[in-house]
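Each remark here refers to the structure printed beneath this line.
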Amino acid sequence: MKKMSIIHRIHEEGVVAVLRGENWQQVVRLTEEAIAGGIKVIEITMTVPHALKAIEELANRYSWNHPDSAQHAIIGVGTVLDPETARQAMLSGAEFVVSPTLNPDTIKLCNRYRVPIMPGVMTIHDIQSALDLGVEVVKLFPGSQFGPGMIKDIKGPLPHANVMPTGGVNVENLGDWIKAGAFAVGIGSDLTKEAIETGNYTLVRAKAEQYVKAFKQARK
Numbered sequence: 693m694k695k696m697s698i699i700h701r702i703h704e705e706g707v708v709a710v711l712r713g714e715n716w717q718q719v720v721r722l723t724e725e726a727i728a729g730g731i732k733v734i735e736i737t738m739t740v741p742h743a744l745k746a747i748e749e750l751a752n753r754y755s756w757n758h759p760d761s762a763q764h765a766i767i768g769v770g771t772v773l774d775p776e777t778a779r780q781a782m783l784s785g786a787e788f789v790v791s792p793t794l795n796p797d798t799i800k801l802c803n804r805y806r807v808p809i810m811p812g813v814m815t816i817h818d819i820q821s822a823l824d825l826g827v828e829v830v831k832l833f834p835g836s837q838f839g840p841g842m843i844k845d846i847k848g849p850l851p852h853a854n855v856m857p858t859g860g861v862n863v864e865n866l867g868d869w870i871k872a873g874a875f876a877v878g879i880g881s882d883l884t885k886e887a888i889e890t891g892n893y894t895l896v897r898a899k900a901e902q903y904v905k906a907f908k909q910a911r912k
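Numbering (the working numbering), first residue to last: 693 to 912.
So this is what it looks like as structure tokens:
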């Protein structure tokens, strides 16, 4: 998919699953259940041991152009700290990049290869700097430190900024974030914690369905 098509799809889907795990095989299982539950945008973090193996396997299996709609998904990479890691992930099949920080070199590399990047920001200055570098969507992180009202505060001076909060988003407050103007939301441990603790990965599917339902209700 082309850059703007991916960004549009992230906005339309609205929920990005940020997946971490004990090993890459576990993350593949978590991804399978999240997608089956309706979350079609997946961020595999580089904190996962051998994360690139997970990205490569998933990117080979899932695509928005797949003839089977059950296999429709966009696989991206998260917790990217430098351009070298971003490039490795791209070559493994990642279709978007997420970073916890604002790294100009990483942004420039992603722009060079026309791959969407969502850098982490905490201030209006961070957001403006990201926009100046050509970023389309910024990641408000950690969202738990701000709350949905921060989106409205950002939209005051920067109404054109597309903001995706990550950290602290759950089923109960997802609607508040979307109604406040969030471009999309990133969800993490709340989606997978119980499944990882119990080994019952189908719990991820059930939780994913709750998130998708909450998003659709908020976006009406």
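Note that CB positions come from ideal geometry on N, CA and C, so glycine has one too.
Cβ neighbour criterion (16 or more within 10 Å) applied to residue i
i: G729; result: buried
i: Q909; result: exposed
i: Y805; result: exposed
i: L801; result: buried
i: P796; result: exposed
i: L783; result: exposed
i: L883; result: buried
i: L722; result: buried
i: Q837; result: exposed
Residue range of the unbroken beta strand (DSSP E) whose run includes residue i
i: I677; result: The structure shown has nothing for residue 677, since the chain only spans 693 to 912.
i: V827; result: From DSSP, V827 is part of no beta strand (DSSP E); its letter is neither H nor E.
i: P857; result: V855 to P857
Simplified DSSP assignment, three categories, for residue i
i: V769; result: strand
i: L711; result: strand
i: M842; result: helix
i: M693; result: coil
i: K871; result: helix
i: N757; result: coil
i: P775; result: helix
Residues near residue i in its chain [Cβ-Cβ closer than 7 Å; skip 5 each side]
i: E886; result: L895
i: P792; result: T771, G812 and F833
i: P775; result: D797, T798 and L801
Cβ shell of residue i (< 8 Å), same chain only, five flanking positions each side left out
i: N715; result: V740, P741 and H742
i: R712; result: V719, T737, T739, V740, G880, S881 and T884
Span of the alpha helix (DSSP H), counted from its first residue to its last, around residue i
i: V904; result: T894 to A910
Enumerated in chain order, which unbroken segments of the alpha helix (DSSP H) with a length of 4 residues or greater are wholly contained in the stretch 780 to 814?
796 to 804
For this session: Report the residue ranges of all beta strand (DSSP E) runs contained in full by the stretch 713 to 746; include only those spanning at least 3 residues, in chain order.
Result: 733 to 737
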